[in-house]
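What follows is a short report on a single structure.
2 protein chains.
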Amino acid sequence: MKKYRADIVVTLKNGVRDPQGAAIDTVLKRTGMEESAEVHVGKYFNLVISGENEESAKQKLDKICEDVLSNPILESYKVERFTEV
Amino acid sequence: MKKYRADIVVTLKNGVRDPQGAAIDTVLKRTGMEESAEVHVGKYFNLVISGENEESAKQKLDKICEDVLSNPILESYKVERFTEV
Chain A
0 MKKYRADIVV
10 TLKNGVRDPQ
20 GAAIDTVLKR
30 TGMEESAEVH
40 VGKYFNLVIS
50 GENEESAKQK
60 LDKICEDVLS
70 NPILESYKVE
80 RFTEV
Chain B
0 MKKYRADIVV
10 TLKNGVRDPQ
20 GAAIDTVLKR
30 TGMEESAEVH
40 VGKYFNLVIS
50 GENEESAKQK
60 LDKICEDVLS
70 NPILESYKVE
80 RFTEV
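Residue numbers (numbering that gives the first Met the number 0), protein chains in the order written: chain A, 0 to 84; chain B, 0 to 84.
Okay, structure coming up:
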């Protein structure tokens, strides 16, 4: 059994309202830090996945991302890093 | 004035309790998906920073990360991407 460490970023799909991002935009504008920062907020996950090989570990990771870490109706996920440990 | 797009990840510092991560660990274990996933949860931000040059934009970004996007007592941040747009 091999172990892999993965970084996942989950973000809202295009067109889904991002009130947290809008709130930060407002703060940055009001404080004069940035006029138009176009902030998008998402979630970040770092986790360890075990598997016979990279292929099967990636398949398991996809299932975890779809079923547990994201809501596929509103959010999409991206595997940012995937390395054996 | 140049514009840069940055990806930021904010995570809890070592030793700070991560109840969200622990909750996901429990779910993955209970469902038989992963025995010990060691999940760490963080926040992800994508934003646009303007500046005279890369140096001054990065300085502004650091200030925004410390003052607005993270709580430096509990969290640390990392600039994952920084590219001119």
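Quick reminder that beta carbons are idealized off the backbone N, C-alpha and C, glycines included.
- prompt: Whose CA, out of B:Asp66, B:Val9, B:Thr82, lies closest to the CA of Thr30 of chain A?
  reply: Against the first sequence, residue 30 of chain A aligns to sequence position 31. Per the Cα distances, B:Asp66.
field: Local Cβ density within 10 Å of Glu33 of chain A, reported as buried at 16 or more and exposed below that
entry: Translated into positions along the first sequence, residue 33 of chain A becomes position 34. Looking at its Cβ environment, which holds 16 or more other Cβ atoms inside 10 Å, Glu33 of chain A is buried.
- request: Output, in sequence order along the chain, the residues in the stretch 33-50 of chain B whose CB is closer than 8 Å to any CB in chain A.
  value: Glu33, Glu34, Ser35, Ala36, Glu37, Val38, His39, Val40, Gly41, Lys42, Tyr43, Phe44, Asn45, Leu46, Val47, Ile48, Ser49
- request: May I ask you to verify whether the stretch 45-54 of chain B touches the stretch 69-84 of chain A, counting CB pairs closer than 8 Å and requiring at least 3?
  value: no
- request: Could you tell me whether the stretch 17-25 of chain A touches the stretch 5-12 of chain B, where touching means 3 or more Cβ pairs closer than 8 Å?
  value: no
task: Let me know the secondary structure DSSP gives Gly50 of chain A once reduced to three states.
output: Against the first sequence, residue 50 of chain A aligns to sequence position 51. Three-state result, Gly50 of chain A: strand.
- request: Tell me whether Gly20 of chain A sits in a helix, a strand or coil according to DSSP, three-state version.
  value: Here residue 20 of chain A corresponds to residue number 21 of the first sequence, with the count starting at 1. Helix, per DSSP.
field: Close beta carbons around Arg80 of chain B, own chain, < 8 Å, minus the five adjacent residues each side
entry: Locating residue 80 of chain B in the second sequence gives position 81, counting from the first residue. Only Arg4, Ala5, Asp6 meet the Cβ criterion.
- request: Taking C-beta pairs closer than 9 Å, name the residues in chain A that Thr103 of chain B reaches, listed in chain order.
  value: Any property of residue 103 of chain B remains undetermined from this structure, which presents chain B solely from 0 to 84.
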